[in-house]
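Novice:
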Amino acid sequence: MTDNSNKKWQCIECGYIHEGPEPPDVCPECYAPKSAFFEV
Ligand SMILES: [Fe+2]
């Protein structure tokens with residue numbers, strides 16, 4: 005069974021890890037845009 009609903013995304017600017025189906029609109033730590041997140 006595959007569950008893609010809980011991916012992890014890392015902010016390339018500060019290293020913040022976000023868990024969820026997609027990255028946040030802005031990083032809560034450094035305010036980098038969604039485009040600064042890559043999937044880990
Ligand atoms: Fe960040």
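Residues in the sequence shown are numbered from 5 upward in steps of one, following our numbering. Even glycine gets a Cβ: it sits at the ideal position worked out from N, Cα and C.
(1) Which residues end up in the neighbourhood of ligand 1 when you take C-beta atoms closer than 6 Å to any of its heavy atoms?
(2) Using the Cα positions of S9 and P25, report the straight-line distance between them to the nearest angstrom.
(3) Start and end of the beta strand (DSSP E) containing I2?
(4) Span of the beta strand (DSSP E) holding C18?
(5) If I follow the unbroken beta strand (DSSP E) through E43, where does it start and stop?
Specialist: According to the structure shown:
(1) This selection yields C15, E17, C18, Y20, C31, E33, C34 and A36.
(2) If you draw a straight line from the Cα of S9 to the Cα of P25, it is about 5 Å long.
(3) The requested residue 2 does not occur in the structure, where the chain is confined to residues 5 to 44.
(4) For C18, there is no enclosing beta strand (DSSP E), as DSSP marks it with neither H nor E.
(5) Note, E43: beta strand (DSSP E), F41 to E43.
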